[in-house]
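Residue numbers (the numbering used here): 17 to 169.
Using N, Cα and C, we set each Cβ at its ideal position, and we do this for glycine too.
The structure presented is a predicted model; accordingly, all values stated were derived computationally and were not measured.
Written out below as C-alpha cells is the structure these notes cover.
And the structure:
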C-alpha cells in the first residue's frame, strides 16, 4: 500500500467515526426531545407543590400584563426616543401615566409597610379601570394618601 492510499483509508475511518458519533448525538437528542416532564414523578410526591411549578410571568389571571410590569416599562423607557407612556387595564381602558405616578404606584404595590393581603388586593384592583382611573387621574403626591384612605382607613 502506498502512502496516499493509507492516508485515504485513515481519512475514511475518521469520517466513519465522526459520522457514528454524530448519529449517536442525534439519537440522544431525539430521545431527550421525547422526554415529557409530566412522565416523571419526582420523589413519588405526585402533584404535591404543583402550583409552585407555574410561571408567574403573565400574572395571575390577568388579561393584560400585570400593572407592575407595565409601570416598569414606563420607567425603563424614559431615555428612549419613544418612551412608553400608557398602561392598559384588564377591561381595556388605557391610561396615560407619568414616570412619577408609575414610581409611586409601584412603590405602593411592593411596600413592606402594609400586610401582604393589602398589597395583593391593591395589585388586583389596579388591574381594573375604575381603580386605575382613581390613581392615574391625580397628582403623584396625592397617591399615598389615596392608598391609605382606600386600603388602610
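From the DSSP output, which residues share a beta bridge with residue 104?
Taking the chain shown and counting its residues from 1, one reaches residue 104 at position 88. According to DSSP, residue 104 bridges with 110.
Does residue 161 come within less than 7 Å of chain B when only Cβ atoms are used?
Of the chains in the structure shown, none is chain B; there is only one protein chain.
Could you check what DSSP says for residue 128 in three-state terms: helix, strand or coil?
As a first step, residue 128 is located in the chain shown; it is residue number 112 there, counting from the start. Here residue 128 sits in coil by DSSP.
Own chain partners of residue 114 with C-beta closer than 7 Å, once the 5 adjacent residues on each side are dropped
The residue you call residue 114 lines up with position 98 of the chain shown. So the list reads 156, once near-sequence residues are dropped.
Tell me whether residue 118 is buried or exposed, calling it buried when 16 or more other Cβ atoms sit within 10 Å of its Cβ.
Translated into the one-based positions of the chain shown, residue 118 becomes position 102. Buried is the call here.
Between which two residues does the alpha helix (DSSP H) containing residue 94 stretch?
Against the chain shown, residue 94 aligns to sequence position 78. Careful: residue 94 lies outside any alpha helix (DSSP H) and carries neither H nor E.
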